Ligand code: PMP
């Protein structure tokens, strides 16, 4: 018997496994609506102009590449702090936020989860039902118990807000609550401003610990509007974790660039928390990579490049909205009689299409159109060329 003879094969990742199947598919008309990647009109992952310009500047500089400090590039995470909390924010002024550069959003969640399992090993983590698949897996792997709070109301094509409030209101003090501030993945349904007021209230009244996972700031509304839930939590007092990703908003998926912010009571506490977070990083990967942090900080720190980025971000947001509208219209034109207007009301890259697993499997096997078994499709991968065949195929499986 060898060391590995008892190792069983793990199931493929539900989303990345889908891409593997897509790549292996030989049909020319195949469409990948499975993975959460924004594509432009021509079906390509864009290189943003602001990123191209920043990269040119960085490369022209030809600077050496020493190790970054454990928490990453300070220019970078200070600019990110201002992006999240607003410039001149109280948390920046008082220094009561611990900031770190991380390996994108996933890395921020993982560093936060490892730290939480150290300071609060018996706490339960609640994630929305449903949530991004990795939330549950990641917090479980960090040694915490994970449960869910009600979120999606299938029959209403919306949010079960009463259920959500009830579940949060019944959670034990100290429970960690993972929340999506905008562009909820996978459903595409976000809380409105009034609902956020109520969520912040119940989280604080019950003494729960909010962990806001912000992977799409600026993909729904303005940068400030999308970060509004984060700022509400800050104003309400108490601890707060925020994970940030620039995968989508800078189209920098492979650079693995993100951040973790931990808001504490005061600067002294933040310094102690930071010292522990640094150990989590040191014992995992020692320190983060340079390039993505340089690109993002070059863009955010230069008024012209920043304006260009906001314009490019706005263009991605508008294109997604236009594709939602076009998909609903395309479905009607293809003869769908059910009301599909909810797709246009959703926000962000994803749509819970309401299709069943059987219908999703038919889309895959008969038409080469890949979405998740749960009916999630990435509307940011639709374009004028694939829209008609996708609409026709969905119409066919809905018939
Ligand atoms: N959180 C959510 C809600 C996401 O949708 C994603 C990306 N699919 C992530 C975190 C992490 O992505 P990344 O590690 O590329 O930043």
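In full-length UniProt numbering, the protein residues as written are 1 to 399.
Backbone N, C-alpha and C define an ideal beta-carbon position, used for all residues, glycine too.
Just so we're clear, the structure is a prediction, and the values are computed from it rather than from any experiment.
Given residue i, which residues of its chain have a CB within under 6 Å of its CB, disregarding the five upstream and five downstream residues?
i, result
"residue 185", "132, 350"
"residue 42", "none"
"residue 147", "124, 126"
"residue 204", "236, 238"
"residue 336", "395, 398"
"residue 219", "183, 317, 348"
"residue 275", "none"
What separation, rounded to the nearest whole angstrom, lies between the Cα atoms of residue i and residue j?
i, j, result
"residue 50", "residue 280", "33 Å"
"residue 156", "residue 121", "37 Å"
"residue 182", "residue 215", "8 Å"
"residue 389", "residue 137", "35 Å"
"residue 416", "residue 381", "With the chain running from 1 to 399 in the structure shown, residue 416 is simply not present."
"residue 74", "residue 86", "17 Å"
"residue 82", "residue 366", "48 Å"
"residue 246", "residue 1", "46 Å"
"residue 327", "residue 37", "18 Å"
"residue 331", "residue 312", "28 Å"
"residue 69", "residue 102", "12 Å"
"residue 144", "residue 378", "30 Å"
"residue 13", "residue 142", "18 Å"
"residue 112", "residue 286", "16 Å"
"residue 54", "residue 48", "10 Å"
"residue 123", "residue 174", "6 Å"
"residue 35", "residue 273", "35 Å"
"residue 383", "residue 217", "22 Å"
"residue 230", "residue 343", "26 Å"
"residue 359", "residue 340", "15 Å"
"residue 387", "residue 324", "10 Å"
"residue 315", "residue 253", "18 Å"
"residue 255", "residue 27", "30 Å"
"residue 211", "residue 61", "38 Å"
"residue 277", "residue 318", "37 Å"
"residue 308", "residue 298", "12 Å"
"residue 385", "residue 52", "26 Å"
"residue 193", "residue 284", "38 Å"
Per DSSP, which residues does residue i bridge with? Please list them.
i, result
"residue 32", "370"
"residue 158", "153"
"residue 101", "259"
"residue 352", "376"
"residue 176", "125, 209"
"residue 241", "211, 262"
"residue 148", "127"
Please go through the same chain and pick out, in chain order, the residues whose beta-carbon is closer than 7 Å to the beta-carbon of residue i, but skip the five residues on each side of it.
i, result
"residue 263", "91, 96, 97, 234, 239, 240"
"residue 153", "159, 160"
"residue 369", "31, 33, 363, 390, 393"
"residue 119", "none"
"residue 29", "368, 389"
"residue 165", "198, 202"
"residue 338", "398"
"residue 334", "391, 392, 395"
Under the rule that 16 or more other beta-carbon atoms within 10 Å means buried, what is residue i, buried or exposed?
i, result
"residue 290", "buried"
"residue 296", "buried"
"residue 162", "exposed"
"residue 304", "exposed"
"residue 4", "exposed"
"residue 353", "buried"
"residue 191", "buried"
"residue 300", "buried"
"residue 249", "buried"
"residue 130", "buried"
"residue 20", "exposed"
"residue 16", "exposed"
"residue 100", "buried"
"residue 114", "buried"
"residue 107", "buried"
"residue 227", "buried"
"residue 71", "buried"
Below 8 Å on the Cβ atoms is my guess for residue i versus residue j; work out the distance and round it to an integer in Å.
i, j, result
"residue 128", "residue 180", "7 Å"
"residue 294", "residue 84", "Their Cβ separation, rounded to whole angstroms, is 19 Å, which puts residue 294 and residue 84 out of contact at 8 Å."
"residue 208", "residue 171", "6 Å"
"residue 126", "residue 149", "5 Å"
"residue 45", "residue 236", "In fact, because the Cβ distance is near 38 Å, the residues do not count as touching under 8 Å."
"residue 322", "residue 77", "That belief does not hold up - the Cβ atoms of residue 322 and residue 77 are roughly 34 Å apart, past 8 Å."
"residue 356", "residue 18", "Their Cβ separation, rounded to whole angstroms, is 17 Å, which puts residue 356 and residue 18 out of contact at 8 Å."
"residue 177", "residue 213", "That belief does not hold up - the Cβ atoms of residue 177 and residue 213 are roughly 11 Å apart, past 8 Å."
"residue 261", "residue 242", "4 Å"
"residue 244", "residue 105", "7 Å"
"residue 88", "residue 347", "Between residue 347 and residue 88 the Cβ distance is about 28 Å, and since that is not below 8 Å, they are no contact."
"residue 257", "residue 292", "3 Å"
What does a CB cutoff of less than 8 Å around residue i pick up in its chain, not counting 5 residues either side in sequence?
i, result
"residue 67", "286, 287"
"residue 94", "266, 267"
"residue 140", "146"
Please confirm if residue i has its CB atom under 8 Å from at least one CB of chain D.
i, result
"residue 395", "No chain D appears in the structure shown, which is made up of a single protein chain."
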